[in-house]
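Chemist: Residue numbers (the working numbering): 4 to 390.
(1) Just tell me which of 131, 164, 250 has its CA closest to the CA of residue 223.
(2) Do you know offhand how far residue 292's Cα is from residue 134's?
(3) Exposed or buried, which one is residue 313 when buried takes at least 16 other CB atoms within 10 Å?
(4) If I follow the unbroken beta strand (DSSP E) through residue 294, where does it start and stop?
(5) Helix, strand or coil: which one does DSSP assign to residue 233?
(6) For residue 220, does the three-state DSSP call read helix, strand or coil?
(7) If we call anything under 8 angstroms between Cβ atoms a contact, is residue 170 one with residue 320?
(8) Would you tell me roughly how many angstroms separate the C-alpha atoms of residue 369 and residue 354, rounded to the nearest one?
(9) Check whether the region 100 to 109 touches the region 242 to 262, taking contact to mean three or more Cβ pairs, one atom from each stretch, closer than 8 angstroms.
(10) Mapping the DSSP letters down to three states, classify residue 15 as helix, strand or coil.
(11) If I measure Cβ to Cβ from residue 207 and keep anything under 6 angstroms in the same chain, skipping five residues before and after, which residues do I get?
(12) Is it a yes or a no for the region 72 to 81 touching the region 106 to 123, going by three-plus beta-carbon pairs under 8 angstroms?
(13) Among the candidates 336, 205, 217, whose CA atom is the shortest distance from the CA of residue 381?
(14) Does the beta-carbon distance from residue 268 to residue 307 come in below 8 angstroms?
(15) Report yes if the C-beta distance between residue 123 and residue 185 is below 8 angstroms; otherwise report no.
(16) Can you name the residues that DSSP bridges to residue 91?
(17) Residue 209: which of 153, 302, 388 sits nearest, CA to CA?
(18) When you compare only the Cα positions, how much space is there between residue 344 and residue 384?
(19) Which stretch, first to last residue, makes up the beta strand (DSSP E) that contains residue 152?
(20) Residue 143: buried (16+ other C-beta within 10 angstroms of its C-beta) or exposed?
(21) Quick one: give me the first and last residue of the beta strand (DSSP E) that residue 363 is part of.
(22) Please state the DSSP three-state secondary structure of residue 238.
(23) Of the residues 217, 237, 211, which one's Cα is nearest the Cα of residue 231?
(24) Using alpha carbons as the reference points, say which of 366, 87, 125 lies closest to residue 179.
(25) Rounded to a whole number of angstroms, what is the C-alpha to C-alpha distance between residue 188 and residue 158?
(26) Which one or two residues does DSSP pair with residue 248 in a beta bridge?
(27) Can you name, in chain order, every residue of its own chain whose Cβ lies under 7 angstroms from the Cβ of residue 177, other than the five neighbours on each side?
(28) Roughly how far, in whole angstroms, is the beta-carbon of residue 175 from the beta-carbon of residue 194, given that I think they are within contact range, below 8 angstroms?
(29) Note down, in chain order, each residue of its chain lying with its Cβ closer than 7 angstroms to the Cβ of residue 121, except the 5 sequence neighbours on either side.
(30) Residue 377 to residue 263, Cα distance in whole Å?
(31) Should residue 166 go down as buried or exposed, given a rule of 16 or more other Cβ atoms within 10 Å for buried?
(32) Beta-carbon within less than 8 angstroms of residue 173's beta-carbon, same chain only, minus the 5 sequence neighbours each way: which residues are those?
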């Protein structure tokens with residue numbers, strides 16, 4: 004069987020093939036460091052009671068179907084029980100700290116169905132996708148962030164792409180892994196970040212080494228070392244069998260001119276957040292309890308007069324199409340295309356991101372080749388229909 008790669012995320016194939024708990028990163032004015040674990044001796048204090056209050060409030064409001072309180076200035080940002088996927092961002096009143104928090108349970112469940120993923124693969128992709136959405140927040144709508152984990156573990160790599168308007172897609176190399184720890188599945192390798200915009204002459208690229216294998220800490224290290232950003236990043240999922248019950252994360256960023264007092268307050272609030280979560284996959288425990296992105300931001304910015312910035316509802320989006328397949332085929336030699344057609348009488352291609360399968364016979368391919376104009380390797384020149 005001959006398989007010819009014709010595009011970064013398409014495979015032309017002879018037959019259809021389905022391819023492809025720890026401490027939080029601390030908020031520090033000078034660098035990213037590991038926060039020690041908060042163990043049982045901290046007790047069940049008011050922090051845990053506060054978590055219960057958040058959870059019961061969301062649950063009660065859902066059960067009652069309560070109408071929006073017109074006096075609630077934050078009503079539009081509330082997301083009862085994390086029913087909808089959401090990315091929420093806010094800033095301290097003094098402009099020194101920005102917080103972005105996300106819940107993406109629905110998107111992860113959709114990706115699990117698309118790619119027939121089990122728990123460990125869904126965890127890896129869910130964490131990577133959450134980090135992509137957090138990093139892309141505040142960018143122009145057309146701008147994208149691509150996170151690629153090029154690793155030697157059984158998962159055979161992870162890719163997630165998020166845009167400034169919340170469009171998301173991704174896949175893993177091996178969606179159906181056996182029962183193993185995430186770090187074992189990922190293995191060793193590199194974290195590569197590509198930021199791009201249609202109007203940029205070339206994308207921005209950065210790369211760092213995978214040191215932990217738990218995704219969010221490795222991406223946090225990238226932000227510190229490659230982009231010189233002082234921040235706290237956490238992302239996690241909770242998967243029960245074939246169902247993702249919680250997924251999301253948060254990103255806390257220091258902005259220029261931040262006061263030392265503000266940094267100290269945020270550091271203390273992050274310590275409280277770790278205790279409130281109570282697990283080793285922060286913030287999946289909080290999200291599972293119904294704590295929303297708005298409430299996470301309120302906790303982190305407690306005492307700093309939080310000012311909402313924006314919210315978006317992220318969702319899966321894929322730009323694959325027959326035109327893109329034709330373009331990919333034109334990048335192959337004609338001999339390769341003819342060889343596949345001679346042996347199989349058609350060409351089938353499956354999109355890595357959404358799983359859609361495209362099929363074309365010899366006559367249609369010939370017609371599309373004749374109609375296409377321009378250089379298929381250049382976005383600005385290629386016209387699939389010749390118009």
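Using N, Cα and C, we set each Cβ at its ideal position, and we do this for glycine too. Note that the structure is a prediction, hence the values are computed from the model and not measured.
Modeler: With the structure as the only source:
(1) For the purposes of this step, residue 223 is taken as residue 220 along the chain shown, with counting starting at 1. For residue 223, the nearest C-alpha among the options comes from 131.
(2) Position 289 of the chain shown holds residue 292. Position 131 of the chain shown holds residue 134. Using only the alpha carbons, I get a separation of about 21 angstroms.
(3) Residue numbering aside, residue 313 sits at position 310 when the chain shown is read from its first letter. It counts as exposed.
(4) As a first step, residue 294 is located in the chain shown; it is residue number 291 there, counting from the start. Neither: residue 294 is in no beta strand (DSSP E) and is coded neither H nor E.
(5) As a first step, residue 233 is located in the chain shown; it is residue number 230 there, counting from the start. Shown here, residue 233 sits in coil according to DSSP, grouped into three states, outside any helix or strand.
(6) For the purposes of this step, residue 220 is taken as residue 217 along the chain shown, with counting starting at 1. DSSP places residue 220 in helix when its eight states are reduced to three.
(7) Position 167 of the chain shown, counting from 1, holds the residue named residue 170. Position 317 of the chain shown, counting from 1, holds the residue named residue 320. In this structure, residue 320 lies closer than 8 angstroms to residue 170 by Cβ.
(8) As a first step, residue 369 must be located in the chain shown, where it is residue number 366. As a first step, residue 354 must be located in the chain shown, where it is residue number 351. Rounded to whole angstroms, residue 369 to residue 354 spans 21 angstroms at the Cα level.
(9) yes
(10) Counted from its first residue, the chain shown places residue 15 at position 12. Interpretation of residue 15 is limited by its pLDDT of 38, a score under 50 that renders its predicted location unreliable; no figure is taken from the coordinates.
(11) One-based indexing of the chain shown puts residue 207 at position 204. Taken in chain order, the residues that qualify are 198.
(12) Counting Cβ pairs under 8 angstroms, fewer than three are found: no touch.
(13) By 1-based counting over the chain shown, the position of residue 381 is 378. Considering only alpha carbons, the answer is 205.
(14) The residue labelled residue 268 in the question sits at position 265 within the chain shown. The residue labelled residue 307 in the question sits at position 304 within the chain shown. Yes.
(15) Reading the chain shown from its first residue, position 120 is the one you call residue 123. Reading the chain shown from its first residue, position 182 is the one you call residue 185. Contact flag set, yes.
(16) Sequence index remark: in the chain shown, residue 91 carries index 88 (1-based). Paired residue(s): 104, 314.
(17) Counting from one through the chain shown, the residue named residue 209 turns up at place 206. The option with the nearest alpha carbon to residue 209 is 153.
(18) Here the question's residue 344 lines up with position 341 in the chain shown. Here the question's residue 384 lines up with position 381 in the chain shown. Going from the Cα of residue 344 to the Cα of residue 384 covers about 27 angstroms.
(19) Locating residue 152 in the chain shown gives position 149, counting from the first residue. Boundaries of the beta strand (DSSP E) around residue 152: 147 to 154.
(20) Position 140 of the chain shown, counted from the start, is the residue given in the question as residue 143. Exposed is the call here.
(21) What you label residue 363 is simply residue 360 of the chain shown in a count that begins at 1. Segment 360 to 363, the beta strand (DSSP E) holding residue 363.
(22) As a working note, residue 238 is residue 235 in the chain shown. In this structure, residue 238 counts as strand in the three-state DSSP scheme.
(23) Against the chain shown, residue 231 aligns to sequence position 228. Of the candidates 217, 237, 211, 211 places its Cα closest to the Cα of residue 231.
(24) Taking the first residue of the chain shown as position 1, residue 179 is located at position 176. When each option's Cα is compared against that of residue 179, the closest is 125.
(25) Position 185 of the chain shown, counted from the start, is the residue given in the question as residue 188. Position 155 of the chain shown, counted from the start, is the residue given in the question as residue 158. C-alpha separation (whole angstroms): 5 angstroms.
(26) The count along the chain shown starts at 1 and reaches residue 248 at position 245. Its beta-bridge partners do not exist; DSSP assigns none.
(27) On the chain shown, position 174 is the one that residue 177 refers to. So the list reads 124, 157, 158, 159, once near-sequence residues are dropped.
(28) Residue 175 sits at position 172 when you count from the first residue of the chain shown. Residue 194 sits at position 191 when you count from the first residue of the chain shown. With 8 angstroms as the limit, residue 175 and residue 194 do not qualify as a contact, their Cβ atoms being about 15 angstroms apart.
(29) As a working note, residue 121 is residue 118 in the chain shown. The beta carbon of residue 121 sits closer than 7 angstroms to those of 179, 180, all from its chain and outside the five residues before and after it, given in chain order.
(30) For this step, residue 377 is matched to residue 374 along the chain shown. For this step, residue 263 is matched to residue 260 along the chain shown. Approximately 56 angstroms, taken between the alpha carbons.
(31) Sequence index remark: in the chain shown, residue 166 carries index 163 (1-based). By the 10 Å Cβ count, residue 166 comes out buried.
(32) Counted from its first residue, the chain shown places residue 173 at position 170. Closer than 8 angstroms at Cβ, skipping near neighbours: 114, 128, 131, 132, 135, 161, 162, 163, 164, 356.
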